[in-house]
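Undergrad:
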Amino acid sequence: MNIKKIFRPSLLKKFLIAFFVVAMVPLIIAEYFTIHKVEDELKSVLNDQYYLIIDQLMRTVDEVYIGSWVSNLQSTAQFIEDDIESTTETISTLLNAKQNQIDELIILILKLTDSGAQLSAMDNETVVELYNQDPEQVSKLTQYTDDINISNYVIRPPVFLPNSDKLYLPIEVPIVWEDGQSAVLRGVFNLNSILDFVSTKISIGAKELYIVNNEEQIVFSNNEKFISGDTLLYPIMSMVKSSLSGKSRMSKIGPFSYNDIDYLSIFAISQYVQWGIIVTEELTQAYAMVEQAKKDIVKWVGLAIILCVIFSILFARSFSGAMRYMTTIAKKIGGGEFDVKVKVNSKDELGQLGESLQEMAISLGEAVKVKEELFAIQAEVKIASRIQQSILPVGGPNLDGLGFGARYIPMEGVAGDFYDFHVLEDNCVGVLVADVSGHGIPAAMISTMVKVTFSQQSSIAEDASKVLNEMNRLLSGKMEDQFLTAMYLYVDIAKKKLITADAGHCPLYIWRRKDKEMIRVKPKGMIIGFLPVINCPIEETKLKDGDRLVMYTDGIVEAANPEGELFNDDRLINLISTH
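Numbering (our numbering), first residue to last: 3 to 581.
#1: Helix or strand or just coil, what does DSSP make of Cys-430?
#2: Between the region 532-545 and the region 419-437, are three or more C-beta pairs nearer than 8 Å?
#3: Mind checking Ser-272: buried by the 16 CB within 10 Å criterion, or exposed?
#4: So, is Thr-233 buried or exposed, given that buried needs 16 or more other C-beta atoms within 10 angstroms?
#5: Just confirm the distance between the C-beta atoms of Met-2 and Ile-575, as a whole number of angstroms; I'd bet it's less than 8 Å.
#6: Could you pull out every residue in the same chain whose Cβ sits closer than 8 Å to the Cβ of Val-535, ignoring the five residues on either side in sequence?
#7: Between which two residues does the alpha helix (DSSP H) holding Leu-171 run?
#8: Please state if the CB of Gly-442 and the CB of Ala-417 are separated by a distance shorter than 9 Å.
#9: So what's Arg-514 in DSSP terms, helix, strand or just coil?
#10: Terminal residues of the continuous alpha helix (DSSP H) containing Asn-576?
#11: Pull the bridge partners of Tyr-260 from the DSSP assignment, please.
#12: Enumerate in chain order the residues of its own chain whose CB-to-CB distance from Leu-59 is below 7 Å, with the five nearest sequence positions on each side excluded.
#13: Compute the distance between the beta-carbons of Glu-226 and Glu-283, then report whether it is under 9 Å.
#14: Are Ala-436 and Thr-487 closer than 9 Å when you measure CB to CB?
#15: Buried or exposed: where does Gly-566 fall if 16 or more other Cβ atoms within 10 Å of its Cβ makes it buried?
#16: According to DSSP, simplified to helix, strand and coil, what is Asn-347?
#17: With distance defined between alpha-carbon atoms, name the residue in Glu-138, Leu-97 and Gln-139 nearest to Gln-120.
#18: So who's on the other strand from Ala-503, going by DSSP bridges?
#19: Please look up how many angstroms separate the CB atoms of Gln-276 and Asn-216, rounded, as I've assumed it's under 8 Å.
#20: By DSSP's criteria, Tyr-212 is part of a beta bridge. Which residues make up the other side?
#21: Tell me whether the region 110-120 and the region 128-141 touch, counting them as touching only if at least three CB pairs, one residue from each stretch, are closer than 8 Å.
#22: Suppose contacts are defined by Cβ-Cβ distances below 9 Å. Is Val-221 in contact with Val-242 by that definition?
#23: Can you check whether the CB of Ile-56 is closer than 9 Å to the CB of Phe-269?
#24: Look at the Cβ atom of Ala-185, then the Cβ atom of Thr-115, and state whether they are nearer than 9 Å.
#25: With 16 other CB atoms within 10 Å as the buried threshold, where does Phe-313 fall?
#26: Measure the beta-carbon distance from Leu-355 to Ile-335 and round it to whole angstroms, keeping in mind my assumption that it falls under 8 Å.
#27: Around the C-beta of Ile-82, are 16 or more other C-beta atoms found within 10 angstroms, so that it is buried, or is it exposed?
#28: Would you say Ile-173 and Leu-75 are within 9 Å of each other, going by their C-beta atoms?
#29: What's the gap between the Cα of Thr-580 and the Cα of Gly-548?
#30: Give the C-beta separation of Ile-108 and Asn-192 to the nearest angstrom, bearing in mind that I take them to be a contact with Cβ-Cβ under 8 Å.
#31: Looking only at DSSP bridge pairs, what is Arg-550 linked to?
#32: Opposite Gly-189 in the DSSP bridges: which residues?
#33: Would you decide whether Gly-189 is buried or exposed? Buried here means 16 or more other CB atoms lie within 10 Å of its CB.
#34: At which residues does the alpha helix (DSSP H) containing Arg-475 begin and terminate?
#35: Counting only runs that start and end within the region 339-399, where is the alpha helix (DSSP H) found for 4 or more residues in a row?
#36: Can you give me the C-alpha to C-alpha distance between Glu-374 and Asp-517, rounded to a whole angstrom?
Structure (C-alpha cells):
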C-alpha cells in the first residue's frame with residue numbers, strides 16, 4: 003500500500019474534509035442547539051396554551067358572568083335612582099322583569115335603608131324548592147348584612163346550601179335619591195351556572211381543573227382524584243391561598259411535586275369572588291410532544307448527515323473528474339491549441355465553465371490573430387513614419403539674416419502636420435505650415451499630397467495668397483471628408499518685409515525683442531479642401547532685426563496635463579517671450 007498516495011492531496015479528499023468542517027460540524031452543533039431551542043419553544047407554546055386556558059376561564063367567570071351581573075344590577079339601580087316618578091308598583095314590576103330576564107338571578111330585593119321596607123322579585127319555583135328542602139336556606143339568601151351603607155357595589159361571600167348542593171352569590175348595589183333617601187339592591191345569582199359552563203363548554207383535554215375557595219375547599223373538579231367539597235392537597239394550594247387575599251387576576255405558572263409525580267400547573271384568582279382556578283397536568287403528559295420532537299430531530303438529522311456524506315462523495319468524484327478534464331483543456335489552450343473543442347455534457351456551473359473555456363480559446367485565437375495583425379500594422383506605421391519624416395525638411399534653408407528651427411512630434415507615429423520651404427532668389431523664402439484634420443495614417447497620406455501640391459507652387463512663391471488658392475484648387479474634392487488648415491509666409495530678408503496668407507490656421511506670433519512686444523498675425527482666410535475657390539487675404543508686416551517668428555499647429559495649445567488643463571495660447575505666448 004502506497005502511504006504517500008493515500009495522504010496525497012486531492013480535490014475529493016479536500017472536499018470531504020471541508021464538508022465535514024463546514025457542514026457536518028455546524029450541523030451537529032446546530033442539532034444540539036436546535037433540540038434545546040425546539041424544547042424551549044415547545045414548552046413556551048405549552049405554557050402559552052396554559053395561559054390561554056386560564057385566561058379563558060377567568061374571563062368566563064369574571065366578565066361573562068359575574069361582571070355582567072354587577073353591570074346589570076348597577077344599571078337597574080341607576081334606572082330606579084333616575085326615575086323620580088317611580089312608585090312601589092313600577093319598581094316591583096321592574097324587579098320582576100329584571101329577575102325574569104337573567105337566568106342565573108333567583109332573588110332580587112330592594113331594601114330601604116331607613117325604614118327597612120323591602121320589595122322583592124324571585125324565581126318562585128327555585129325558591130319554593132329550596133324552602134321545601136330547608137326553610138332556613140332561603141333566609142340565608144335574603145338576609146342583608148348589618149352593613150348596608152355601601153358606596154359602589156359589594157360582592158358578598160358565596161352561600162353554599164348543603165341540602166341542595168347549590169352555590170349562590172349575593173351582590174349588593176346602593177341607590178341614593180335626590181331627597182336623601184337610600185336603598186340597597188340585592189341580587190342573588192346561581193353560581194352553578196358558571197360551573198356547568200366550565201365543565202361543558204371549555205375544552206382542556208386531559209388536564210385537571212379545580213376551582214377552590216379561600217378555605218382550600220374544592221368548589222368544582224373535572225375529575226375524581228379530588229372532588230367537590232374535598233380539600234385540595236396539592237402543594238400549589240399554599241400559593242393559591244396566599245394570593246386569594248390580593249384578589250389579583252395575575253396568572254402564575256410553575257411545577258410542583260405530589261406523591262413523587264411532577265406536575266405543571268397554572269392558577270389565577272378571580273377579581274370578584276374568593277376563588278382560585280387551577281389547571282394542572284403531569285409533566286410527562288404535558289411535555290410528551292417535546293420529547294417526541296427531540297427524538298424526531300435526532301433521527302432526521304442523522305439521516306440527513308448520512309445522505310449528505312453519500313451525496314458529497316458522489317458529487318466530489320464527478321466534480322474532480324470534470325475538473326481534471328478542464329485542466330487538460332486549459333493546458334492545451336495555454337500551449338496554443340486555440341482550435342480545441344471543449345465537451346462538457348452539463349448545464350450547471352461546470353457546463354458554464356466549459357463554455358467559458360471554449361469562448362476563451364476562441365477569444366485567445368482571435369486575439370493572437372489581432373496581435374499579429376497589430377504587429378504588422380505597427381511595422382507599417384514605423385515605415386510610414388520614416389517615409390513621412392523623410393519628406394519633411396531637415397533643419398531649414400541657410401540664408402543670410404534669417405535662421406530657422408523646426409520640431410515635429412506626431413501624436414501617433416504618423417500624423418497630418420506638415421511644413422516645407424521654397425527658397426527663392428534675392429535672399430527670399432516661402433514657408434508653409436499645414437495641418438490635416440484627423441490623425442494617423444489617413445492624415446499622413448493627405449500630408450504627402452500636400453507635399454506634392456506645395457512643391458508645384460515654386461513659380462508663384464512670391465504671391466502668398468495665390469499659393470494657398472492654387473493648393474486648394476488642386477486638393478479640393480480629393481481629401482474625402484478631410485480638410486486642411488495652412489499658413490504661408492513670404493519673407494524678403496533684404497527689404498525686411500513679411501507677407502502672411504492664412505487658410506484657417508493658427509495665428510503667427512512675432513516676438514519683437516527690442517520693443518518687448520508680441521505681435522499676433524492672423525489674416526482671416528478659409529480652410530482648404532471644402533470649396534473649389536477660397537479667399538485667402540494677406541497681411542504685410544515690417545520686420546525688425548531680432549524679430550522671432552513662431553508658426554505652429556494646434557497640437558501645441560491643445561495639449562493637456564493629467565488634470566485635463568490645456569496648454570493654451572497664453573502659455574505659448576509666455577513661452578515665446580521668455581525663451
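Cβ coordinates follow ideal geometry from the N, Cα and C atoms, glycine included. Keep in mind the model is a prediction, meaning the values are calculated, not measured.
TA: Walking through what the data contain:
#1: Taking the first residue of the sequence shown as 1, we reach residue 430 at position 428. The answer is strand: DSSP assigns Cys-430 an E or B state.
#2: With the cut-off at 8 Å, the region 532-545 and the region 419-437 do not touch.
#3: For this step, residue 272 is matched to residue 270 along the sequence shown. Its Cβ being crowded by 16 or more others within 10 Å, Ser-272 is buried.
#4: Working through the sequence shown from its first residue, we reach residue 233 at position 231. Per the 10 Å Cβ criterion, exposed.
#5: The shown model of the chain, from 3 to 581, leaves out residue 2, and the question about it has no answer.
#6: Here residue 535 refers to the residue found at position 533 when the sequence shown is read from its first residue. Take Val-535, set aside five residues on each side of it, and the residues of its chain with a beta-carbon closer than 8 Å to its own are Asn-471, Asn-474 and Arg-475, in chain order.
#7: Translated into the one-based positions of the sequence shown, residue 171 becomes position 169. That residue, Leu-171, is in no alpha helix (DSSP H); its beta strand (DSSP E) goes 168-178.
#8: As a first step, residue 417 must be located in the sequence shown, where it is residue number 415. As a first step, residue 442 must be located in the sequence shown, where it is residue number 440. The answer is yes: Cβ separation under 9 Å.
#9: By one-based count along the sequence shown, residue 514 stands at place 512. Strand, per DSSP.
#10: For this step, residue 576 is matched to residue 574 along the sequence shown. It spans 570-580 - the alpha helix (DSSP H) in which Asn-576 sits, taken as one unbroken run.
#11: Mapped onto the sequence shown, residue 260 falls at position 258. For Tyr-260, which the question treats as bridged, DSSP gives the partners Ile-263.
#12: Within the sequence shown, residue 59 is the residue found at index 57, counting from 1. Closer than 7 Å at Cβ, skipping near neighbours: Val-200, Ile-204 and Ile-279.
#13: Within the sequence shown, residue 226 is the residue found at index 224, counting from 1. Within the sequence shown, residue 283 is the residue found at index 281, counting from 1. Not closer than 9 Å, so no.
#14: As a position in the sequence shown, residue 436 is number 434, starting the count at 1. As a position in the sequence shown, residue 487 is number 485, starting the count at 1. Yes, the Cβ-Cβ distance between Ala-436 and Thr-487 is below 9 Å.
#15: Translated into the one-based positions of the sequence shown, residue 566 becomes position 564. So Gly-566 counts as exposed.
#16: Taking the first residue of the sequence shown as 1, we reach residue 347 at position 345. Note: Asn-347 maps to coil in three-state DSSP.
#17: What you label residue 120 is simply residue 118 of the sequence shown in a count that begins at 1. Nearest C-alpha to Gln-120: Leu-97.
#18: Position 501 of the sequence shown, counted from the first residue, corresponds to residue 503. DSSP output for Ala-503 lists Tyr-490 and Ile-540 as bridge partner(s).
#19: Walking along the sequence shown from the start, residue 276 turns up at place 274. Walking along the sequence shown from the start, residue 216 turns up at place 214. That belief holds up - the Cβ atoms of Gln-276 and Asn-216 are roughly 4 Å apart, short of 8 Å.
#20: The residue given as residue 212 occupies position 210 in the sequence shown. Partner(s): Ser-223 and Ile-280.
#21: When C-beta atoms of the region 110-120 are compared with those of the region 128-141, fewer than three pairs fall below 8 Å, so the two segments do not count as touching.
#22: Counting from 1 along the sequence shown, the entry for residue 221 is found at position 219. Counting from 1 along the sequence shown, the entry for residue 242 is found at position 240. Not a contact, by the Cβ cut-off of 9 Å.
#23: Within the sequence shown, numbered from 1, the residue matching residue 269 stands at position 267. Within the sequence shown, numbered from 1, the residue matching residue 56 stands at position 54. Yes, Cβ-Cβ distance for Phe-269 and Ile-56 is below 9 Å.
#24: Within the sequence shown, the letter at position 183 stands for residue 185. Within the sequence shown, the letter at position 113 stands for residue 115. Yes, the Cβ-Cβ distance between Ala-185 and Thr-115 is below 9 Å.
#25: One-based indexing of the sequence shown puts residue 313 at position 311. Counting every other CB atom within 10 Å of its CB across the protein chains shown gives Phe-313 a total below 16, marking it as exposed.
#26: Your numbering for residue 355 matches position 353 in the sequence shown. Your numbering for residue 335 matches position 333 in the sequence shown. Going by Cβ atoms, the distance from Leu-355 to Ile-335 rounds to 13 Å, so no, they are not a contact pair.
#27: Along the sequence shown, read from residue 1 onward, the residue named residue 82 stands at position 80. By the beta-carbon neighbour count (other beta carbons within 10 angstroms, threshold 16), Ile-82 is buried.
#28: For this step, residue 173 is matched to residue 171 along the sequence shown. For this step, residue 75 is matched to residue 73 along the sequence shown. Yes, the pair counts as a contact, with Cβ atoms nearer than the cut-off.
#29: Here residue 580 refers to the residue found at position 578 when the sequence shown is read from its first residue. Here residue 548 refers to the residue found at position 546 when the sequence shown is read from its first residue. Their Cα atoms are separated by approximately 14 Å.
#30: Start at 1 with the first residue of the sequence shown, and residue 108 comes out as number 106. Start at 1 with the first residue of the sequence shown, and residue 192 comes out as number 190. About 6 Å separates the two Cβ atoms, so the contact holds.
#31: As a working note, residue 550 is residue 548 in the sequence shown. Per DSSP, Trp-513.
#32: Numbered from 1 along the sequence shown, position 187 holds the residue referred to as residue 189. DSSP, once it has assigned bridges, lists Leu-110 and Ile-173 as partnering Gly-189.
#33: In the sequence shown, the residue the question calls residue 189 occupies position 187. Per the 10 Å Cβ criterion, buried.
#34: Along the sequence shown, read from residue 1 onward, the residue named residue 475 stands at position 473. Taken as a continuous stretch (DSSP letters only), the alpha helix (DSSP H) holding Arg-475 covers 466-477.
#35: 351-393
#36: The residue given as residue 374 occupies position 372 in the sequence shown. The residue given as residue 517 occupies position 515 in the sequence shown. Roughly 58 Å between the two C-alpha positions.
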